[in-house]
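Which chain is which? The protein sequence lines are A and B, in order.
For the first sequence, the working numbering begins at 1 and goes up steadily by one.
For the second sequence, the working numbering begins at 1001 and goes up steadily by one.
C-beta: ideal position from N, C-alpha, C; glycine also.
2 protein chains.
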Amino acid sequence: MTTELRADARRNLERVLDAATEAFAASGPDASIDDIARLAGVGHGTVCRRFPTKDDLIYAVIERHVAQMQAMAEEALESEDAGEAFFDFARQVAELSMSTPGLHRCVVHCGSKPGAAELDRLVAKIVSRAQAAGAVRADVQPVDVQLLVRSALTSAPAGQWRRYLDVVLDGLEFRP
Amino acid sequence: MTTELRADARRNLERVLDAATEAFAASGPDASIDDIARLAGVGHGTVCRRFPTKDDLIYAVIERHVAQMQAMAEEALESEDAGEAFFDFARQVAELSMSTPGLHRCVVHCGSKPGAAELDRLVAKIVSRAQAAGAVRADVQPVDVQLLVRSALTSAPAGQWRRYLDVVLDGLEFRP
DNA sequence: CCTGAAACGGACTGATGAGTCCGCTTACGT
DNA sequence: ACGTAAGCGGACTCATCAGTCCGTTTCAGG
């Protein structure tokens, strides 16, 4: 079987993923492969063999994050109150993202990779629904909402992001 | 006189500044010194001699920009209506910044260099005044306002920044 | 065991970009 | 015109980092 990994290979793979998670959480996508390899206690050749590209590694690390966000999005779409669903969703995602700012920067770095496309689709739905319900201003596109929220989170000094998010979300509210 | 430049030196200096302005406007602070030197038609040693550090060069290029912003700030401080002054000032600065997005990114890159400190002080005054007048929400600091506006401008896709700014400024308005 | 395939790791390549150095050129005062 | 100091430019150093290659080690099945 080509899909089976030797025991030591599997062990190293886990070490690499753990190390990468730690390194990316600490330094964002700028963490170097060498640092990660060192942290994992393996040669960097080993890292590059499993993940032909650095982005592959980043994506492997944030996959779980993205899946969580997707779950949140699906839940939001089931809520009755479209407006409340949107604002709650935004705060939930922010809370998750900012629990590890480095990983958030990795998500931003990846932009819309395969797999994130589905998430984008869901977000777009949440936003449109909230706009249709008159809870969110109509002169923005779903992608604008994503970018605005993202940039507020990214630009906020450590620990201050909640206030920044408040400003942007208030700005997104529909006002007669 | 040590402060006098030889004619050719002055000519080259101007060429370098022009080239740097063009390159930074096109590519932001990532424009390489080599590119700038090539564009100016000089060796890159010449660039590095005049500007020991790349940041020195960047700062020389944005100096005029910063000065213009400072003038706008001073004017804003003379206005009667503190709230209107703030919002107008924000839009003026945005208009200036985004007329050359690459330079805007340079300004962001420089953060608060010597010289920009004075501008920061003026901005802080404008914001506090608007807050005291009840036009701007009180739960943000002047620096937060700067970062929020900056990030909205930076994250907006080409040509879309006005809408992004609208959202943030609306979010900054005081609401009873 | 013992052997072949899988996995390892680090030396190597190649790209990039900032800043230094020094032999050559050129401006400009006399 | 000529000598000298200012100025030039590009080759060089140094650092960083992603990705490749191959000789060596280790696993695991027979």
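Near residue i, which residues of its chain fall below 6 Å by C-beta distance, leaving aside the five closest residues on each side in sequence?
i         : result
Met1/A    : Only weak support exists for where Met1/A lies, its pLDDT of 46 falling under 50; the coordinates are left without a value.
Leu1148/B : Val1168
What distance in whole Å lies between the Cβ atoms of residue j and residue i, which are believed to be in contact at a cut-off of 8 Å?
i         : j         : result
Ala138/A  : Gln131/A  : 5 Å
Cys1106/B : Phe1024/B : 5 Å
Give me the Cα-Cα distance between residue i and residue j, rounded to the nearest whole angstrom.
i         : j         : result
Ala1009/B : Ile1036/B : 16 Å
Ser1027/B : Asp144/A  : 23 Å
Phe174/A  : Thr1046/B : 55 Å
Pro142/A  : Ala1158/B : 16 Å
Gly1171/B : Pro29/A   : 30 Å
Asp81/A   : Val1127/B : 36 Å
Ala67/A   : Leu1057/B : 44 Å
Arg1150/B : Leu1039/B : 29 Å
Trp161/A  : Val1140/B : 11 Å
Ile99/A   : Leu77/A   : The question names Ile, but residue 99/A in the sequence shown is Ser. In a straight line, the C-alpha of Ser99/A is about 23 Å away from that of Leu77/A.
Leu153/A  : His1104/B : 20 Å
Leu1096/B : Ala1085/B : 16 Å
Thr166/A  : Gly41/A   : According to the sequence as given, residue 166/A is Asp; it is not Thr. Their backbone Cα atoms lie some 42 Å apart in a straight line.
If you run the structure through DSSP and keep just helix, strand and coil, what is residue i?
i         : result
Val47/A   : helix
Glu1014/B : helix
Glu173/A  : strand
Val140/A  : coil
Asp1088/B : helix
Arg64/A   : helix
Asp1081/B : coil
Ser112/A  : coil
Val42/A   : coil
Gly1134/B : coil
Arg1157/B : Going by the sequence as given, residue 1157/B is Pro instead of Arg. In this structure, Pro1157/B counts as coil in the three-state DSSP scheme.
Glu1004/B : coil
Ser1099/B : coil
Pro1029/B : helix
Thr1177/B : Because residue 1177/B is not part of the residues shown, which for chain B are 1001 to 1176, the question remains open.
Identify, in the order they occur along the chain, each residue of the same chain with its Cβ nearer than 8 Å to the Cβ of residue i, setting aside the five sequence neighbours on each side.
i         : result
Tyr1059/B : Cys1110, Lys1113 and Gly1115
Leu17/A   : Ala60 and Val61
Against residue i, what residues of chain A qualify as contacts under a CB-to-CB distance less than 7 Å, listed in chain order?
i         : result
Val1167/B : Val140, Leu148, Val168, Gly171 and Leu172
Ser1097/B : None at all; the shortest Cβ gap to chain A is about 15 Å.
Can you list the residues of chain A that residue i reaches, using a CB-CB cut of under 9 Å?
i         : result
Asp1144/B : Ala156, Pro157, Gln160, Arg163, Tyr164 and Val167
Ser1112/B : Going along chain A, no residue has its Cβ under 9 Å from Ser1112/B, so there is no contact; the nearest lies around 13 Å.
Ala1116/B : Result: empty, since nearest Cβ-Cβ is about 17 Å, beyond 9 Å.
Flag residue i as yes when its Cβ comes closer than 8 Å to any non-hydrogen atom of the ligand ATP, and as no otherwise.
i         : result
Arg1105/B : This structure simply doesn't include the ligand ATP, nor any ligand for that matter.
Taking 7 Å as the limit between beta carbons, can you name the residues of its chain near residue i, skipping five residues before and five after?
i         : result
Lys54/A   : Ile33
Met1072/B : Phe1089, Gln1092 and Val1093
Asp1193/B : The requested residue 1193/B is not part of the displayed model; chain B covers only 1001 to 1176.
His44/A   : Ile33, Asp34 and Ala37
Ala31/A   : Ala23 and Phe24
Phe87/A   : Leu169
Strictly below 7 Å CB to CB, what residues from chain B border residue i?
i        : result
Ala152/A : Leu1148 and Ser1151
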